[in-house]
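So in my numbering, spot 252 of the sequence shown is number 252, and the numbers just go up one at a time. For each residue, glycine too, the CB sits at the ideal point set by N, CA and C. Below is one structure, written out as structure tokens, with a few remarks after it.
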Amino acid sequence: MRNLKHYLAIAVLIALVSVLTYLGMVNANLFPVEASAQAVDIDWLFNLQIKLIAFFFALIVVPIAYSMAVFRRETGDTSDSEPIESNTPLEIAWTILPLILVVWLGYIGADNLAKINAADPGALEINVVAFQWKWRFDYPQGFSSDTLYLPVDQQVLLKMTSPDVLHSFWVPEFRVKQDVVPGRVTDYRITPNRLGDYKVRCAELCGTSHAYMEAPVKIVSRAEYDQWIADQTAIAQANAAASAANPDAGRGQKLYESLGCKACHSTDGSGGIGPTWKGLYGSAVALSDGTSVSADDAYLKSSILEPGAQTVASYTAGAMPASFSNLTDGQIADLIEFMKSLK
Ligand code: CUA
Numbered sequence: 001m002r003n004l005k006h007y008l009a010i011a012v013l014i015a016l017v018s019v020l021t022y023l024g025m026v027n028a029n030l031f032p033v034e035a036s037a038q039a040v041d042i043d044w045l046f047n048l049q050i051k052l053i054a055f056f057f058a059l060i061v062v063p064i065a066y067s068m069a070v071f072r073r074e075t076g077d078t079s080d081s082e083p084i085e086s087n088t089p090l091e092i093a094w095t096i097l098p099l100i101l102v103v104w105l106g107y108i109g110a111d112n113l114a115k116i117n118a119a120d121p122g123a124l125e126i127n128v129v130a131f132q133w134k135w136r137f138d139y140p141q142g143f144s145s146d147t148l149y150l151p152v153d154q155q156v157l158l159k160m161t162s163p164d165v166l167h168s169f170w171v172p173e174f175r176v177k178q179d180v181v182p183g184r185v186t187d188y189r190i191t192p193n194r195l196g197d198y199k200v201r202c203a204e205l206c207g208t209s210h211a212y213m214e215a216p217v218k219i220v221s222r223a224e225y226d227q228w229i230a231d232q233t234a235i236a237q238a239n240a241a242a243s244a245a246n247p248d249a250g251r252g253q254k255l256y257e258s259l260g261c262k263a264c265h266s267t268d269g270s271g272g273i274g275p276t277w278k279g280l281y282g283s284a285v286a287l288s289d290g291t292s293v294s295a296d297d298a299y300l301k302s303s304i305l306e307p308g309a310q311t312v313a314s315y316t317a318g319a320m321p322a323s324f325s326n327l328t329d330g331q332i333a334d335l336i337e338f339m340k341s342l343k
């Protein structure tokens, strides 16, 4: 069989080019470090796909390049090549084999997804609010932070929502990415397993400052995490006591910015997703059910804590997230003091 040496040469070249392509792609450092248990499974799947990509690249490119180099038309040869009819065994093979491959990839993909989503009933739950253009992390102890502190080797469940537009929670080192959708709570599960400083960035175009919508993520030891929680809780309690005794418009303004009220409520009378705060305090507010209420302390407080109870006429019911129900009386007093200052 005179073609045997060509088949052998092509087979050897395919093996060689596959290995070299794979090594080249793996050593190109396509991924940042792995900082979650889920990243290990995801990278395993990526690695498998890189192997397949390298093999199929070689399988296609090597025969083309080999044919171009070895079977070149000789000068002066104007004859046609032999006509090709069909090759039934080959056609059956290239239909069945990719089918098996794709079904197998679908199976291991689903299996991998189940592993990544595996829920630990003892997961630490933190509420995340993404808004134009900041991240806010509400801890179960009743305080908010603009840095996401996580203890190492414990699964965390982020309950994420947005008061304005679509955002997306993405820490490349965790690998998993999840959209944050207005009017809905999306889950994000991760088990951080590597100490260090990382960054969450928004991965969904959400307006002018989308590119700057980042927040620090700190993975710390259990002891350091417990200490941080204790410190933050003490600070929040001290602030709450001070605010309740003596509400302050300046502190209220800081909350207005850091909590994300700013995303929907203007302070200059201009329109927004929610009513402006300018001149709001003490005014008569028309509700969607046709009645009217006075915007006094009690009304403003209940609007923050239970935004679904009453809707202001001509605004969308449910636009205000329920995620402000953990504000302390002191924080609410500061916010109302700030509203009073906006005449
Ligand atoms: Cu938020 Cu992009």
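Please state whether the Cβ-Cβ distance between residue i and residue j is less than 9 Å.
i, j, result
"A54", "T21", "yes"
"Q141", "M160", "no"
"V176", "I42", "yes"
"S288", "T311", "yes"
"A375", "A286", "Outside the shown range of the chain, which is 1 to 343, sits residue 375, and nothing can be said about it."
"K218", "Y149", "yes"
"A130", "S162", "yes"
"V156", "A123", "yes"
"L158", "F143", "no"
"Q38", "F174", "yes"
"I108", "L48", "yes"
"V180", "L166", "yes"
"W135", "A215", "yes"
"A373", "R189", "This structure leaves residue 373 out entirely; the chain is present only between 1 and 343."
"L300", "L280", "yes"
"V33", "R201", "no"
"G260", "I336", "no"
Can you have a look at residue i and say buried or exposed, based on whether 16 or more other CB atoms are within 10 angstroms of its CB?
i, result
"Y139", "buried"
"A263", "buried"
"A238", "exposed"
"R222", "exposed"
"S81", "exposed"
"D226", "exposed"
"N87", "exposed"
"E356", "With the chain covering only 1 through 343, there is no way to say anything about residue 356."
"M68", "exposed"
"N3", "exposed"
Can you name the start and end residues of the beta strand (DSSP E) that residue i belongs to?
i, result
"A130", "124–131"
"R136", "134–138"
"F169", "167–170"
"Q178", "177–180"
"M160", "156–161"
"K199", "196–202"
"Y299", "First-last for Y299: 297–305, but that is the alpha helix (DSSP H), not the beta strand (DSSP E)."
Would you give the residue range spanned by the alpha helix (DSSP H) that residue i belongs to?
i, result
"W94", "88–117"
"F46", "37–70"
"R73", "Looking at the DSSP string, R73 is not in any alpha helix (DSSP H), and its letter there is neither H nor E."
"L150", "No alpha helix (DSSP H) holds L150; the beta strand (DSSP E) holding it covers 148–151."
"R251", "249–258"
Would you say the region 231–245 touches the region 323–337, given that touching needs at least three Cβ pairs under 8 Å?
-> Contact between the region 231–245 and the region 323–337 is present, because at least three Cβ pairs lie under 8 Å.
Three or more C-beta pairs closer than 8 Å, one from the region 60–75 and one from the region 207–227: is that the case here?
-> no
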